[in-house]
Structures are given as C-alpha cells and as structure tokens.
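In this note's numbering, the protein residues as written are 501 to 944.
In this text, a Cβ means the ideal position worked out from N, Cα and C, and glycines have one as well.
Shown next, in structure tokens, is the structure this report addresses.
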C-alpha cells in the first residue's frame, strides 16, 4: 500500500502538511494536559481537500481529529494516539460578504471569531457570540462545541446562530446544507445535530451564520452584591424590568477578582466597596430613543433599597464599560497565573445558582479544607465556571481532583443541571484532572 503520508502531502501541497517540529504547536491542548505527537497535521485549503483527507485516512485506518483554534478546556481537539491526523481548518478563513437584507453571512470554518466581529463592523451588523478566547477560537470549533458565551441567554447558543452548514462526513462525502433560512423543516435538523457533536459526526467546512443589527447604544454597570442569593434575586428583577434590552448578566466572586488583580497587569477595580459577589450588567438597543441609562439607574436604585445591591457604578463610556468587562473576562487568566487549578463547567437553572454554590462550597471544604473556590459565569442562563485553586501554601490538590469532579457532577445532576454546560465533552484521566465529563472523545 502507498505510504499515506506521501499521499496526504500530494493532496495538500507543501503548505498543507506539517510534521515533526512544525506540528508541535498543534499537539497539546490549551491547558497542556493532553495530546501526543500525531502522524502529522493536515491543513487543507478548501472543502475538496478536507474531503480527500478524510477519505484517505478512512481507507488507511488513521484516526482524524478536527481542530479549530485549540482553545478548548477538555482535551478534545488533540490526538490521543500517534496513528492520528489532526485536521486544522486554519487555512480556510474566508469571510463572505454579509447579506444585509437577510441578516446572514457565509464563512469558512477556520475564521477566528474576533476577525468576524471586525469584518462586520463597517456594515452595522454583529455576530452576537462573545467569549474570552474570541481572539483565537474559530467558527468550526465554536460549532463543534456548541459554544455559548456571555450573551447566550439573549441570543442563544451556537446552534441558534447557525442557519446552514457544509460538512464533510466520515466517508469523505460532502453534505451541502448551506441554506440561509431560519425555518427549514425539510427533514431532520442536521445543522443542529452537528452543533455540539465535537467533530465526531463530520468536519464543518462552511457555515451560514445569523447576524443582528449592531446596537446604537449600550449601558453597563458593575454592582457589588452581599451574596449569591441577592445576585439571583436581582437578576430575576432585571429580566423583568429590562426585558429584551438585557444582553449581559455576568457574575464573579471576590476570590476570582483578587486573583485577577494580583496577576493581570493594568487591571483596576474602580469601586470603593468590595464584596463577596459582583454582578456585571449590560443593556443594549438598536434604537437611540430607548432610555437605557434610566432603566439601569432605576433598577440599581431599587436594588439598593431592597438590600440586594451594596454598591455600584454605571459605565460612563464604552471604554469604561470595557474596563468592567475585563474584570470578568480576566478571571480565568488570573487563576491560571496563580498556579494549579481544577475547572468544572456546570449549568443549573438560574434560580438554583445560589443553592448550588453554597452546597458545592460545603462539599469542596469537606474534601480538602482550605481549597479556594472561584465560581463565576453567566447568571442569565445558569452557567457556572466552578474553578478551584489549592489552599494557600499548597501547590496541588493532594490527589483529590477526581473526588471534586465526581461530587460536583453529582450535585449538578441533583440540582437539575448538567456537568457539561458550554465547554463540551473531552476526556479525563483516572485522577479526574479534567472536566468532570469522563468521556474519551471518539474520532472520525
């Protein structure tokens, strides 16, 4: 049989096949916990090349591992065996011309999310997906993991923002579902099935994405809350008071704030009061006539009268609002720079957030007294990034990572939630040092 590597090189050309030292940047996951050296990295330039690579690998018995920006936290985008080919869509990064009348755009799977945001700015349109890794996360990876982000409760998950897909199936065929329509009941909703499939059912090569008008005005506030129960109550009030104008509702705690301020340069906290819990609120409207500042100021006043808000400040400009958001977005980086950490991606009904966090704290302290707990996330949809750091003076978790994962997963289920909210499923070693979803990711 012909050497499959030689055939892959012939299909992809000199820029399309990487091996040895050139493949190392693709080899390990973002947390540097998983990944072995693959046979090589295929970098196709178009859908036909993706199909040819998949077909050849199938015939040669080689595992195929699709990879986007490799910013995932579950180890699902790297090889777990040397007899594997990583397929990176990084060379397929074309952004089509937006359809202004329909509010849609066709993009290739290798497009970086931040690049899409930048390309849409001159057209007065936006793609409402925002997350901390948007400078490196790619559209294909966001589809594969059914990403959520900080505005999911307003605009939906990735499956709600995808109108159509083009996918290379495991046999090397191409499924053309690039229809730019929201209503399409001509058979099974395959586009939704591929969202969240982690590349196990096929490799997304192009997508039709749903766009929204860029807001003409925004308002934001950073609030100090006495506890998580107050944050949940005030969030429920805001959803009723601000309605469709409420686009961001994020929470974090003082443990995470302290770590971010300690380790991230040029990060500043601008309120006089510190508290146990903080709430970041954002309102937006496509009309300049909606009194967003008045709505937010009135809600803040009500929250203080009810004892739900201890302190707060309204953003005075876009730059000021961005400073508030950085306090939330730099939470993962601050904790990473502190040292060893455990990440858990939990979702519960929004009304159960406080109960989960309180019960989780008792469980974690029983497992390892003094463990530092940093819950933060999306109050609007109940997604909690429940991250842990070792107790002060320790550099590890005393081999108890698996106990944390199992206990928190069980608590999420008991609370009516899920152990895998938006980070997807990957793999966990016997010590449970990864996402509590103990699933070995299959490949094409």
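Which partner residues does residue 876 have in the DSSP bridge list? As a first step, residue 876 must be located in the chain shown, where it is residue number 376. Residue 876 pairs with 885.
Supposed contact pair residue 703 and residue 668 - C-beta distance, whole angstroms, cut 8 angstroms: Counting from 1 along the chain shown, the entry for residue 668 is found at position 168. Counting from 1 along the chain shown, the entry for residue 703 is found at position 203. The distance from the Cβ of residue 668 to that of residue 703 is about 5 angstroms, consistent with a contact at the 8 angstroms cut-off.
Exposed or buried, what is residue 910 when buried is set at 16 or more other beta-carbons lying within 10 Å of its beta-carbon? Here residue 910 is taken as the residue at index 410 of the chain shown, counted from 1. Here residue 910 is exposed, its C-beta having fewer than 16 other C-beta atoms within 10 Å.
Out of 708, 835, 698, 655, state which residue places its alpha-carbon closest to the alpha-carbon of residue 678. Within the chain shown, the letter at position 178 stands for residue 678. That would be 708, whose Cα lies nearest to the Cα of residue 678.
Taking the continuous beta strand (DSSP E) assigned at residue 717, which residues delimit it? Along the chain shown, one-based indexing puts residue 717 at 217. That run of the beta strand (DSSP E) goes 717 to 725.
Among 596, 832, 521, 781, nearest to residue 763 - alpha-carbon criterion: Counting from one through the chain shown, the residue named residue 763 turns up at place 263. Measuring C-alpha to C-alpha distances from residue 763 to each of 596, 832, 521, 781 identifies 832 as the nearest.
Tell me, which residues are paired with residue 662 by DSSP? Against the chain shown, residue 662 aligns to sequence position 162. Per DSSP, the beta-bridge partners of residue 662 are 709.
Buried or exposed for residue 652, please, with buried defined as at least 16 other CB atoms from any protein chain shown within 10 angstroms of its CB. One-based indexing of the chain shown puts residue 652 at position 152. Residue 652 counts as buried, since no fewer than 16 other beta carbons sit within 10 angstroms of its beta carbon.
In terms of alpha-carbon separation, which member of 865, 731, 705, 624 lies closest to residue 642? Position 142 of the chain shown, counted from the start, is the residue given in the question as residue 642. Of the candidates 865, 731, 705, 624, the one whose C-alpha sits nearest the C-alpha of residue 642 is 705.
Any idea if residue 713 is buried or exposed, counting beta-carbon neighbours within 10 angstroms, 16 or more meaning buried? By 1-based counting over the chain shown, the position of residue 713 is 213. Taking every protein chain shown into account, the CB of residue 713 has fewer than 16 other CB atoms within 10 angstroms, so this residue is exposed.
What distance in whole Å lies between the Cβ atoms of residue 644 and residue 698, which are believed to be in contact at a cut-off of 8 angstroms? Residue numbering aside, residue 698 sits at position 198 when the chain shown is read from its first letter. Residue numbering aside, residue 644 sits at position 144 when the chain shown is read from its first letter. Residue 698 to residue 644, Cβ: 5 angstroms. Contact.
Tell me the start and end of each unbroken beta strand (DSSP E) in the segment 642 to 691 that is at least 3 residues and wholly inside, in chain order. Unbroken beta strand (DSSP E) runs of no fewer than 3 residues, entirely contained in the segment 642 to 691, are found at 662 to 668, 674 to 677, following chain order.
Can you tell which of 754, 639, 847 has its C-alpha closest to the C-alpha of residue 773? Reading the chain shown from its first residue, position 273 is the one you call residue 773. 754 is the residue among 754, 639, 847 whose C-alpha sits nearest the C-alpha of residue 773.
Mapping the DSSP letters down to three states, classify residue 935 as helix, strand or coil. Locating residue 935 in the chain shown gives position 435, where the first residue counts as 1. Model confidence at residue 935 stands at a pLDDT of 38, short of 50, so the residue's coordinates are unreliable; what they give is reported in the following sentence. Three-state DSSP puts residue 935 in coil, outside helix and strand.
In this structure, what does DSSP give as the bridge partners for residue 753? Locating residue 753 in the chain shown gives position 253, counting from the first residue. Under DSSP, residue 753 takes part in a beta bridge, and its partners are 777.
Coil, strand or helix - residue 566 by DSSP: In the chain shown, the residue the question calls residue 566 occupies position 66. Of the three classes helix, strand and coil, the one that applies to residue 566 here is strand, per DSSP.
To the nearest angstrom, report how far apart residue 521 and residue 514 are at their CA atoms. Here residue 521 corresponds to residue number 21 of the chain shown, with the count starting at 1. Here residue 514 corresponds to residue number 14 of the chain shown, with the count starting at 1. Taken atom to atom, the span from the alpha-carbon of residue 521 to that of residue 514 is near 15 angstroms.
Could you tell me the distance, in whole angstroms, from the CA atom of residue 544 to the CA atom of residue 557? For this step, residue 544 is matched to residue 44 along the chain shown. For this step, residue 557 is matched to residue 57 along the chain shown. Near 14 angstroms, if we compare the C-alpha coordinates of residue 557 and residue 544.
Taking just the CA atoms, how far does residue 594 sit from residue 587? As a position in the chain shown, residue 587 is number 87, starting the count at 1. As a position in the chain shown, residue 594 is number 94, starting the count at 1. Their Cα atoms are separated by approximately 17 angstroms.
For residue 585, which beta-bridge partners are listed by DSSP? On the chain shown, residue 585 is found 85 positions in, with the first residue counted as 1. Answer by DSSP bridge pairing, in chain order: 540, 564.
In terms of residue numbering, what span does the beta strand (DSSP E) encompassing residue 846 cover? Reading the chain shown from its first residue, position 346 is the one you call residue 846. DSSP places residue 846 in the uninterrupted beta strand (DSSP E) bounded by 845 to 847.
Should the segment 720 to 738 be called in touch with the segment 845 to 863, which here means at least 3 C-beta pairs below 8 angstroms? Here the segment 720 to 738 lies against the segment 845 to 863, with 3 or more beta-carbon pairs under 8 angstroms apart.
As assigned by DSSP and simplified to three states, the class of residue 772: Walking along the chain shown from the start, residue 772 turns up at place 272. Under the three-state reduction of DSSP, residue 772 is assigned to coil, being neither helix nor strand.
Under 8 angstroms, with one C-beta from each stretch per pair, do the segment 623 to 630 and the segment 597 to 605 reach the 3-pair mark? Contact holds: three or more Cβ-Cβ distances are below 8 angstroms.
Alpha carbon to alpha carbon, what distance is there between residue 843 and residue 887? Taking the chain shown and counting its residues from 1, one reaches residue 887 at position 387. Taking the chain shown and counting its residues from 1, one reaches residue 843 at position 343. When only Cα atoms are considered, residue 887 and residue 843 end up about 5 angstroms apart.
Short of 8 angstroms in beta carbon distance, which residues of its chain neighbour residue 769, apart from the five on each side in sequence? Order them along the chain. Counting from 1 along the chain shown, the entry for residue 769 is found at position 269. The beta carbon of residue 769 sits closer than 8 angstroms to the beta carbons of 757, 761, 827 from its chain, once the five residues preceding and following it are set aside; these are given in chain order.
Can you grab the Cα-Cα spacing for the pair residue 938 / residue 900, in whole Å? Here residue 938 is taken as the residue at index 438 of the chain shown, counted from 1. Here residue 900 is taken as the residue at index 400 of the chain shown, counted from 1. Caution applies to residue 938, whose pLDDT of 29 falls short of 50 and renders its modelled position unreliable; the model cannot decide the point.
With burial defined as no fewer than 16 other Cβ atoms inside 10 Å of the residue's Cβ, what is the status of residue 936: buried or exposed? Your numbering for residue 936 matches position 436 in the chain shown. Because the pLDDT of residue 936 is 34, which lies under 50, any placement of that residue in the model is unreliable, and the number read from its coordinates should be weighed accordingly. Its Cβ being crowded by 16 or more others within 10 Å, residue 936 is buried.
Between residue 785 and residue 890, is the Cβ-Cβ spacing less than 9 angstroms? The sequence position of residue 785 within the chain shown is 285, counting from 1. The sequence position of residue 890 within the chain shown is 390, counting from 1. For residue 785 and residue 890, no; Cβs fall outside 9 angstroms.
Return helix, strand or coil for residue 518, following the three-state DSSP convention. Locating residue 518 in the chain shown gives position 18, where the first residue counts as 1. Residue 518: strand per DSSP, three-state reduction.
Pair within 9 angstroms by beta-carbon distance, residue 734 and residue 809: As a first step, residue 734 is located in the chain shown; it is residue number 234 there, counting from the start. As a first step, residue 809 is located in the chain shown; it is residue number 309 there, counting from the start. Contact annotation: residue 734 and residue 809 have beta-carbon atoms nearer than 9 angstroms.
Taking residue 921 as the reference, give the member of 877, 914, 904 with the closest Cα. Counting from one through the chain shown, the residue named residue 921 turns up at place 421. Sorting 877, 914, 904 by C-alpha distance to the C-alpha of residue 921 places 877 at the top.
Within its chain, find whatever has a CB closer than 8 angstroms to the CB of residue 798; leave out the 5 residues flanking it on each side and keep chain order. For the purposes of this step, residue 798 is taken as residue 298 along the chain shown, with counting starting at 1. Excluding positions up to five away in sequence, the list reads 741.
Output yes or no for whether 9 angstroms exceeds the beta carbon distance between residue 550 and residue 592. Looking up residue 550 in the chain shown gives position 50. Looking up residue 592 in the chain shown gives position 92. Closer than 9 angstroms, so yes.
My output table needs one value for residue 510: the three-state DSSP class, helix, strand or coil. Translated into positions along the chain shown, residue 510 becomes position 10. Helix at residue 510.
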